[in-house]
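Novice: Numbering (this note's numbering), first residue to last: 361 to 729.
All C-beta atoms, glycine included, are put in the ideal place defined by N, C-alpha and C.
(1) Compare the beta carbon distance of residue 691 and residue 717 with 8 angstroms and say whether it is the shorter of the two.
(2) I want to know whether the stretch 607-617 touches the stretch 571-579 - three or more CB-CB distances under 8 angstroms.
(3) From which residue to which residue does the alpha helix (DSSP H) around residue 588 run?
(4) Can you grab the Cα-Cα spacing for the pair residue 383 / residue 434, in whole Å?
(5) Rounded C-beta distance between residue 465 and residue 621? I'm assuming under 8 angstroms.
(6) Going by C-alpha distance, which of 486, 497, 419 and 674 is nearest residue 602?
(7) Could you tell me which residues DSSP puts in a beta bridge with residue 602?
(8) If you pair each beta-carbon of the stretch 578-589 with each one of the stretch 476-484, do three or more pairs fall below 8 angstroms?
(9) Would residue 583 and residue 485 be called neighbours here (beta carbons separated by less than 8 angstroms)?
(10) Once the 5 residues before and after residue 564 are set aside, which same chain residues still bring their CB inside 6 angstroms of it?
(11) Is it buried or exposed for residue 412, if we count other Cβ within 10 angstroms and need 16 for buried?
(12) State whether the stretch 536-556 contacts the stretch 453-460, with contact taken as three or more CB pairs (one from each stretch) at a distance under 8 angstroms.
(13) Could you compute how far the alpha carbon of residue 471 sits from the alpha carbon of residue 676?
(14) Which same chain residues end up closer than 6 angstroms to residue 666 when comparing Cβ atoms and leaving out the 5 residues on each side of it in sequence?
(15) So residue 614 and residue 461 are in contact, right, with Cβ under 8 angstroms, and what is the actual spacing, rounded?
(16) Are the Cβ atoms of residue 679 and residue 698 separated by less than 8 angstroms?
(17) Thinking residue 442 and residue 595 are a contact (beta carbons under 8 angstroms), I'd like their distance in whole angstroms, please.
(18) Identify the continuous alpha helix (DSSP H) that holds residue 507 and give its terminal residues.
(19) Taking all protein chains shown into account, do 16 or more other C-beta atoms lie within 10 angstroms of the C-beta of residue 531, making it buried, or fewer, making it exposed?
(20) For residue 475, which residues of its own chain have a beta-carbon under 7 angstroms away from its beta-carbon, when the five flanking residues on both sides are left out?
(21) Give every residue of the same chain whose Cβ lies closer than 8 angstroms to the Cβ of residue 513, excluding the five residues on either side of it in the sequence, and list them in chain order.
(22) Pull the bridge partners of residue 623 from the DSSP assignment, please.
(23) Please determine, among 516, 683 and 726, the residue with the shortest C-alpha to C-alpha distance to residue 634.
(24) Do residue 618 and residue 653 have their C-beta atoms closer together than 8 angstroms?
(25) So does residue 692 have its beta carbon nearer than 7 angstroms to some heavy atom of the ligand PLP?
(26) So, for residue 722: in the same chain, excluding its five sequence neighbours on each side, which residues have a beta-carbon less than 7 angstroms away from its beta-carbon?
The structure is reproduced here in structure tokens:
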């Protein structure tokens, strides 16, 4: 009896000593009815863990939502810098080769925007495969500035050559949009259509003089820009060039078409040589500054009728990349707000809203680096 009581007292003393040494404990009854000390383990219950996960999810979603506009704006500005450097590189290439060079805006499947910039340049003029090659006009049907002509190629002795117009067309040596020049000087004739041995030409002279059918002429085909060997450039992130709102400061808006992408070509002197748009093969000489709007694909809706609609034209995070057609200078400009423009008298007029969006381009107030 005494031994049993002594064992109980011994266990009680050990229990109190362990409680002081190990901190918080839980008492558990043993099989013999005695109490023993058991240490509690630290941790979370399933409910507590689920609460923590839910809180983290809410904080993450709120953070992502707050950062999304900043990330989108950064992608737009990075794309603008990339477009600016690509245009400047094309300008330098034109000066290097002594022929027009530029950038083709490869359209997306819907034709409304471009994500890929393709370097282009004009190949050397084609004057035949051998010295002494000539072009002969066997028929000329002229009416004003237009003429449909049938041609063949001969050597200096007047003998037919092994190639004809169809061979040059099929191989891509010449194409619609190229210009034919006779005797290496003077008037150039734009090729507006070509098939077989027949060309449709448009004279660029005020008083056109059409070639004679009795003479074989030395010739040059001045060729329009083609994609070069340089790799295309793809804009980063989700930013695109909005072709529906890009144009010139005089109010011109490019009319993008899938079959004929927009091309900006620079002359060797550094100025803009021609702008190919709206399906025209000739390319247009433009005197006003060119504007390219960098925006987001989900906001491509063209010119909106009011400021309450979401559009790249009304998003102040978007920027313009502008090219001065006279000097060739390329810059980046902020997108203007029609709401704060005193010159906007009717906010429902798309032309006024677009003009206001481009006003920093017109005034020459470029963005900082």
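Specialist: If we stick to the structure as given:
(1) No. Outside cutoff.
(2) no
(3) Premise fails: residue 588 is in no alpha helix (DSSP H) and is neither H nor E.
(4) The pLDDT assigned to residue 383 is 49, lower than 50, so where the model puts this residue is not dependable, and the model offers no usable value.
(5) 6 angstroms
(6) For residue 602, the nearest C-alpha among the options comes from 674.
(7) 473 and 653
(8) Contact check between the stretch 578-589 and the stretch 476-484: three or more CB pairs, one atom from each, fall below 8 angstroms, which counts as touching.
(9) yes
(10) So the qualifying residues of the chain are 548.
(11) exposed
(12) no
(13) 24 angstroms
(14) Summary for residue 666: the model assigns pLDDT 45, below 50, so the residue's position carries little reliability; its value from the coordinates is reported in the next sentence. Within the same chain, residue 666 has close Cβ partners 708.
(15) About 20 angstroms; that fails the 8 angstroms criterion.
(16) no
(17) 6 angstroms
(18) No alpha helix (DSSP H) contains residue 507, which is instead part of the beta strand (DSSP E) from 506-514.
(19) exposed
(20) Closer than 7 angstroms at Cβ, skipping near neighbours: 468, 594, 595 and 600.
(21) 488, 493, 494, 495, 496, 520, 521, 523, 524 and 525
(22) 464 and 636
(23) The residue with the shortest Cα to Cα distance from residue 634 is 683.
(24) no
(25) With respect to small molecules bound, the structure shown includes none, and the ligand PLP cannot be examined in it.
(26) 609
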